[in-house]
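Step one of this worksheet: look at the structure below.
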């Protein structure tokens, strides 16, 4: 059997505009039938679910979405609750807020709710994640690492993510927190994965055709480790700096596309006038 | 006539260790006959020449250098002074401190002292520069730009540097200040130049054989724009973000080498045990 194509994902690098043009959040709403579709705001990542949930609730309401629910999981037993499971089953879009990505997986992993997430995603439910909610989208996620620093061995912590997108590692608040070093670390450890660093107020919309489109005011960095000719990542000296020779990088802006299969960026010329 | 090979340069990304092992400053001293050679500390870049000069004076004295002079240029007329010119003529090493790179070129450019710098460099005097003193080494230098941000058009200011090394653009405090965005800007504008981003407490020693060696506790990033397949840098919309497709990057650590002619990094296997 052919593997099923990935469903739609919108992955946001955090700090998306919530007061001005709201370009990214509008794009999220455009995925919906605003009158009939259910949008679920999942505040699992944050320890301030009420504040964060209410903020997004207000924004999405103002953007015209009629059916909005808040999925608040503060303990693992909440992930067993029938009403939470039913809430997800009815969802057309699930929006994961920021916070701590390890809260998402440690609270949901192995629960019935986790299975439902996979199920509804396979059936076409759109998943959106910002900041921690972005990192958690991939098979393996960066949990922590150094900001504004160069790649050092043993300074990055990774863990299994939700696995909604394969063979990539996402990082967020990318330029703003100087995170190229930690993403280089992650990619050097397994160059089969593509590193995707997403700036604040910037997002990628991953289509089921296997490509993504950049949307927002910042940049998206793609680190392609398949060309690496040498790295010392597997050698001894656990505390040393990394050498990485011949890595390929792309810097994408609003409207630029990237083919995840061929690992090549491309542009849609007709849309040039829409740029920024 | 064959063009003369470049002399020796040590280019430091700022904040080199001055209290611990002093690896980089010791390397500088190792270039000298400590008893007979003259080391000139050029405090042109800083508005605090006394403090900065005295600090380095003390360090280099403690490292055993006997003959040290302070070259303090605070106005352009100081660059006409006979004793300053003679001081440089006697120098075996000139060490440019940090400060503002534009002070160096605006105070020295077009003066007799500037000519002497070129002359003694051609004759084999070693030039060392840290921070602003590093940026100023190349033909074109970055004067200012955004830290912790992605490459945007019209956000980088460049100016002519001292021109001791050709076809490269140096940036310093590289990972620590999140400067990959501004170096990407500079390289996208002319991919003929190699971008060299140097971390704090890290340096490159450029030999007259056309390669450099990395020394220090951080990383050196090389951005090679020759592989770029697309960039929007020359298009309209002056405020927009840059797209850059297919740039090549290398991350080098202590003891890694780079061939400036072939644009390829390499390692000296015998020296593996010296690593870090």
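Protein chains in written order, with my numbering: chain A, 11 to 286; chain B, 11 to 286. Beta carbons are placed, not taken as given, at the ideal position from N, Cα and C, and that holds for glycine.
If we define contact as Cβ-Cβ less than 8 Å, is residue i a contact residue for chain B?
i, result
"residue 152(A)", "no"
"residue 12(A)", "Interpretation of residue 12(A) is limited by its pLDDT of 37, a score under 50 that renders its predicted location unreliable; the figure taken from the coordinates is listed afterwards. Judged by the 8 Å Cβ criterion, residue 12(A) is not in contact with chain B."
"residue 166(A)", "no"
"residue 296(A)", "Because chain A here runs from 11 to 286, residue 296(A) falls outside it and cannot be looked at."
"residue 196(A)", "no"
"residue 223(A)", "no"
"residue 279(A)", "no"
"residue 20(A)", "no"
"residue 271(A)", "no"
"residue 94(A)", "no"
For residue i, go through chain A and note every residue whose CB falls closer than 9 Å to its CB, in chain order.
i, result
"residue 26(B)", "Residues of chain A passing the Cβ test: none, with the nearest at roughly 15 Å."
If the cut is a Cβ gap below 7 Å, which residues of chain A does residue i touch?
i, result
"residue 255(B)", "260 and 275"
"residue 266(B)", "253"
Would you say residue i reaches chain A, if we count a Cβ-Cβ gap shorter than 8 Å as a contact?
i, result
"residue 23(B)", "no"
"residue 284(B)", "Legend: pLDDT at residue 284(B) = 48, less than 50; position of this residue unreliable, value from coordinates given subsequently. Chain A contact via Cβ: absent."
"residue 16(B)", "Here the model assigns residue 16(B) a pLDDT of 45, short of 50, so the residue's position is not dependable, and the following value carries that caveat. Chain A contact via Cβ: absent."
"residue 263(B)", "yes"
"residue 82(B)", "no"
"residue 209(B)", "yes"
"residue 65(B)", "no"
"residue 215(B)", "no"
"residue 30(B)", "no"
For residue i and residue j, which I take to be in contact (beta-carbon distance under 8 Å), what is that distance rounded to the nearest angstrom?
i, j, result
"residue 256(A)", "residue 272(A)", "At roughly 19 Å, the Cβ-Cβ gap does not stay under 8 Å, so residue 256(A) and residue 272(A) are not in contact."
"residue 197(B)", "residue 232(B)", "About 10 Å separates the two Cβ atoms, so there is no contact after all."
"residue 39(B)", "residue 73(B)", "5 Å"
"residue 33(B)", "residue 226(B)", "6 Å"
"residue 275(B)", "residue 260(B)", "5 Å"
"residue 159(B)", "residue 185(A)", "5 Å"
"residue 178(B)", "residue 148(B)", "5 Å"
By DSSP's criteria, residue i is part of a beta bridge. Which residues make up the other side?
i, result
"residue 102(A)", "Paired residues: none, contrary to the question."
"residue 251(B)", "162(B)"
"residue 216(A)", "19(A) and 222(A)"
"residue 262(B)", "230(B)"
"residue 140(B)", "22(B)"
"residue 196(B)", "Paired residue(s): none; residue 196(B) is not in a bridge."
"residue 274(A)", "269(A)"
"residue 208(A)", "230(A)"
"residue 241(B)", "254(B)"
"residue 153(A)", "Answer by DSSP bridge pairing: none, since residue 153(A) is not bridged."
"residue 52(A)", "81(A) and 106(A)"
"residue 148(A)", "175(A)"
Along chain B, in chain order, which residues have C-beta atoms closer than 7 Å to that of residue i?
i, result
"residue 190(A)", "190"
"residue 185(A)", "158, 159, 160, 188 and 191"
What residues of chain B sit near residue i, judged by a beta carbon separation below 8 Å?
i, result
"residue 228(A)", "160 and 251"
Confirm the yes/no value for this check: CB of residue i, any heavy atom of the ligand ADP, distance under 7 Å.
i, result
"residue 194(B)", "Because no ligand of any kind appears in the structure shown, any question about the ligand ADP cannot be addressed here."
- Please specify which runs of the alpha helix (DSSP H), each continuous and at least 4 residues long, are wholly inside the region 72-130 of chain A, giving them in chain order. 92-99 and 111-118
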